[in-house]
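Have a look at the structure below, then the notes.
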Amino acid sequence: MELRLFPLRLSSTTLRCPSLRYISPLRTAYFASSKASMSTGSALPHQHTALQQHHTDAEQREHATRDASQFDSRKVPAESNGSFNRKASTFRNWISQDGQFKPEKGRYHLYVTYGCPWATRTLIVRKLKGLQDIIPVTAAVPRMDANGWPFANVDPFPGSDEDPLYGAGHLKDLYLRVQPDYEGRFTVPLIWDKQQHTIVNNESSEIIRMFNSAFNHLLPPDQAKLDLYPESLRSEIDSLNEWVYDTVNNGVYRAGFAQTQKAYEDAVLALFESLDRLEGIIAKKDYLIGDRL
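57 is the number that the UniProt record's numbering gives to position 57 of the sequence shown; each next residue is one higher, with no gaps.
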């Protein structure tokens, strides 16, 4: 199914604002087609297409004939009206001093792909907080096959890793290791507990908040005092995140995966109304909230 390109307005503010300049090419090119496929935390459609060009002819033929089972990560959830419906993350445990999953050096492992914007924010917070020696990371291949995100032993894509814990072929193998009858989607990012051999959490917004404070007692003072979710700004952060997530972060998926023209147009309009709203905020100050990082 192909959708008509909805007329988009390129705001002059975008070109004047360095903080949002990266949005400009997306405004003219991103919404031309709804054919691309991805899961929660997967590459943008134009990234996904570019990555797929690395496939050999033999790989393309093999992928075309592979049985797409109930675990096919490329299936996109949609409502009856054709709008994209992101399923809630399944594993929502928390790392804390008084819980089942205590913050300990080397106990946890972060799985990501570099083509996933949701996984990218966990990498950013991990770096800002100085957690590299506390939480190692493995990058799956940033292109999906019928079984989801493969590791480098299945698809030797440059910059990707093999699974160092179990030698898994795909990220889905970790999900099924924990829950053999799991019928959800095999998404990144994912925090794995090496002690209990289980998934702790696969919701990026919660992972970054755990990274922000749960391991502070293991960090040097300068890293420990860095608070990316300060108490005094939390209500303002939560309020902004509520509409930014729905109309921008998830909005590009709602537009890209819309299966009717109306669902597509509704998502596009909401997206660019919010982009204009963000531009209005950032035009007056350096940060969306607060005055420092």
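For each residue, glycine too, the CB sits at the ideal point set by N, CA and C. Keep in mind that this is a model prediction, so the values were computed, not measured.
Bridge partners for L256 per DSSP, in chain order? Reading off the sequence shown, one finds Gly at residue 256, where the question assumed Leu. Its beta-bridge partners do not exist; DSSP assigns none.
Using only the alpha-carbon positions, how far apart do D98 and E265 sit? 47 Å
Is the beta carbon of N241 sitting closer than 9 Å to the one on S205? yes
Report the three-state DSSP secondary structure of W118 (helix, strand or coil). helix
Go ahead and pull the three-state DSSP assignment for P221. Secondary structure at P221: helix, using DSSP grouped into helix, strand and coil.
Taking C-beta to C-beta, are Y111 and P189 nearer than 9 Å? yes
Please determine if the stretch 114 to 132 and the stretch 211 to 228 are in contact, where contact requires at least 3 C-beta pairs separated by less than 8 Å. yes
Check for me: the alpha helix (DSSP H) holding A270 runs from which residue to which? 261 to 282
Quick test of the definition: if touching needs 3 or more C-beta pairs under 8 Å, does the stretch 267 to 276 touch the stretch 246 to 259? yes
Under the three-state reduction of DSSP, which class applies to D250: helix, strand or coil? Inspection of the sequence shows that residue 250 is occupied by Asn rather than by Asp. Three-state DSSP puts N250 in coil, outside helix and strand.
Judging by CA-CA distance, which residue of A258, S274, L219 is the nearest neighbour of T247? S274
Does the separation of the CB atoms of G184 and Y175 fall below 9 Å? yes
Beta-carbon contacts of V137 that lie in its chain and below 8 Å, excluding the five residues immediately before and after: H109, L110, Y111, V112, L123, R126
Straight-line CA distance for residue 307 to D181? What the structure shows of the chain is the stretch from 1 to 293, and residue 307 is not part of that stretch, so it cannot be assessed.
Starting from D291 and walking both ways along the alpha helix (DSSP H), at which residues does that stretch end? Neither: D291 is in no alpha helix (DSSP H) and is coded neither H nor E.
Euclidean distance between Cα positions of E162 and F151: 5 Å
In whole angstroms, what separates the C-alpha of K262 from that of W243? Distance between the alpha carbons of K262 and W243 is about 20 Å.
Report the CB separation of I289 from L233 in whole angstroms; it is logged as a contact under 8 Å. 6 Å
When you compare the CB positions of N93 and I199, do they come within less than 9 Å of one another, or not? yes
From this set, R107, W118, R292, G280, which residue's C-alpha is nearest P230's C-alpha? R292
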